[in-house]
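See below for the structure under consideration.
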Amino acid sequence: MDTKNIMIVGVGGQGTLLASKMLGFVLLQQGYDVKVSEVHGMSQRGGSVVTYVRYGKKVYSPVIDKGEADVIISFEKLEAARWLEFLKKDGTIITNTQEVEPMPVITGAAAYPENLIEKMQAAGAKVDAKDFLLIAQEAGSAKAVNIALMGRLSTYFPEISDEQWQDAIEKIVPPKFLDLNRKAFEAGRNA
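Read in our numbering, the sequence shown has 107 at position 105, and its numbers run on one by one without any break.
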């Protein structure tokens, strides 16, 4: 099997690292060699965060180069656009439609870019965009947006059973948040 590459991108505080941990766990359970690399950048709340998840028969490096990502999971539209050049031709972007304003927008030095979904599609990306923040809120908490996105990602892995995803949630999520995260996962999966 060829090595597959997934990038998880967002801003600090959105739960990207928990999502990458969960994905890595599920893929390891499938018998894949998995490498996960976290690049925090300015990971305090509001700064860009990217995690590389590579899996296959044998993976030698955790880093994904431009044009190599099969899937980009984005917690925010601008982050999806920022990392677009890393996506393979005909790759897929699963993105939350939420807009988190970066500092230049907050200070008035720049405007938040318009029509990002359409621009990414025009660049050749398959874009699966939904309001995962609303989906998470309806499941019980905005903080579960990461698990709602993992639920959506699970639809791209028909070979991995729902039970295996649920097992990963149980192993990764603190017990007091299990019910909430199970709901968010299902809501994201069925979105």
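Cβ atoms here follow ideal geometry from the backbone N, Cα and C, with glycine treated the same way.
Bear in mind that the values here come from a model prediction, so they are computed numbers and not experimental data.
Taking 4 residues as the minimum length, the alpha helix (DSSP H) runs contained wholly in the region 104-186 are 105-108, 118-124, 134-141, 147-156, 164-174, in order along the chain. Approximately 7 angstroms separates the beta-carbon atoms of L182 and A141; this is inside 8 angstroms, confirming the contact. Residue ranges of uninterrupted beta strand (DSSP E) with 3 or more members, entirely inside the region 18-61 and ordered along the chain, are 35-41, 50-58. Cα atoms of E120 and R154: separation of roughly 20 angstroms, rounded to the nearest angstrom. Secondary structure of A193 (DSSP, three-state): coil. Setting aside the 5 residues that flank it on each side, A189 is surrounded in the same chain by I137, A138, E140, A141, A150, G153, each with a C-beta closer than 8 angstroms to its C-beta; the list follows chain order. Minimum Cα-Cα distance from Y114 among the listed residues D133, L29, E78, A144 corresponds to E78. In this chain, the beta strand (DSSP E) harbouring K90 covers 89-98. Within the model, the alpha-carbon separation for V147 versus D133 is close to 9 angstroms. Take the alpha-carbon of G17 and the one of K23: they are about 10 angstroms apart. Relative to G12, the option among T5, D67, E103 whose CA is nearest is E103. In the DSSP assignment, K6 falls outside any alpha helix (DSSP H) and within the unbroken beta strand (DSSP E) covering 6-13. Pairing I174 with L180 gives a Cβ-Cβ distance that is not under 8 angstroms. Under the three-pair Cβ rule at 8 angstroms, the region 91-105 does not count as touching the region 52-61. Nearest Cα to A21 within the set I8, G33, Q32: I8.
Take the alpha-carbon of T53 and the one of K145: they are about 18 angstroms apart. Counting only residues of its own chain and dropping the five nearest sequence neighbours on each side, A193 has a CB closer than 7 angstroms to the CB of K132, I137, R154. By the CB criterion at 8 angstroms, Q31 and Q123 fall outside the cutoff.
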